[in-house]
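Peer 1: First, the structure itself, so that you have it in front of you.
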Amino acid sequence: MIERLCTQRACLRFAGAAVADRAGAILEIGLGKGRTYDFLRKQFPQREIFAFDRTLHCAEDVRPDPEHLILGEFLITLPAHAARTGHTAALAHADIGSEDPARDARLANSIAPLIDRLVQREGLVLTDRAMSMPAWIRLPLPPDAGDWPYYIYEVG
Ligand SMILES: C[S@@+](CC[C@H](N)C(=O)[O-])C[C@H]1O[C@@H](n2cnc3c(N)ncnc32)[C@H](O)[C@@H]1O
């Protein structure tokens, strides 16, 4: 858990610096307990951050306001959000992993094209599960990332 959190912190800091001069919302795909959402909202105090999850199960003090909380299955909510915003997000953080790697791989494959419809060209996708999109370029992790698998893609 410590390696995971250290890797997430390093990657989110790296992404924060990379998109600092780029307008656009942040997408937290997998709000969960709100740990990384809390980090993101401190890192991007002026940005809109939209958080997605099937259900709301984080503590009250890390809950997004209702306009920025999008509950439901990713396969439904991500295309619906794309229909509203198009390719405008600067950064998507997809923290979707569970204890079932095969199910996670299927989910990652299903949502990668949906994320592609949401993020602007040269925007970033950070994720805890590998995603395969032909136009995305995988970037190296920052040197201070912990010993935990994580993936950073530039949207091409
Ligand atoms: C690893 S947790 C997110 C952890 C969170 N980022 C944090 O730092 O606390 C993954 C989350 O994705 C959500 N999730 C997984 N599959 C989903 C799906 N198909 N649709 C919507 N939410 C899903 C789960 O409910 C879970 O809260």
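In my numbering, each residue's number is its place in the sequence shown (first place is 1) plus 258. C-beta atoms are modelled at their ideal positions from N, C-alpha and C, and glycine is treated no differently.
1) With a threshold of 8 Å, are at least 3 pairs of Cβ atoms found where one atom belongs to the region 348-366 and the other to the region 311-328?
2) Leaving out the 5 sequence neighbours to the left and right, which residues in its chain are closer than 8 Å to ASP405 when beta-carbon positions are compared?
3) Using the rule of at least 16 other Cβ atoms within 10 Å of the residue's Cβ for burial, across every protein chain shown, is ARG387 buried or exposed?
4) Is LEU298 near ligand 1, with its Cβ less than 7 Å from a heavy atom?
5) Measure the beta-carbon distance from ALA347 to ALA268 and round it to whole angstroms, keeping in mind my assumption that it falls under 8 Å.
6) LEU372 to ALA341, Cα distance in whole Å?
7) Ends of the beta strand (DSSP E) at TYR362?
8) Would you say the beta carbon of ILE354 comes nearer than 7 Å to a heavy atom of ligand 1?
9) Looking at ASP358 and ligand 1, is the gap between the Cβ and the nearest heavy atom below 7 Å?
Peer 2: A quick look at the data gives this:
1) Counting Cβ pairs under 8 Å, fewer than three are found: no touch.
2) Closer than 8 Å at the Cβ level, and outside the excluded window around ASP405, lie GLU261, THR265.
3) By the 10 Å Cβ count, ARG387 comes out buried.
4) Answer for LEU298: no, Cβ out of range of ligand 1.
5) That belief does not hold up - the Cβ atoms of ALA347 and ALA268 are roughly 21 Å apart, past 8 Å.
6) Roughly 11 Å separates the two Cα atoms.
7) Before going on, a small fix: residue 362 reads as Asp here, not Tyr. Where ASP362 is concerned, there is no enclosing beta strand (DSSP E), although the alpha helix (DSSP H) around it starts and stops at 359-374.
8) Between ligand 1 and the CB of ILE354, the shortest heavy atom gap is smaller than 7 Å.
9) For ASP358, the shortest C-beta to heavy atom distance toward ligand 1 is 7 Å or greater.
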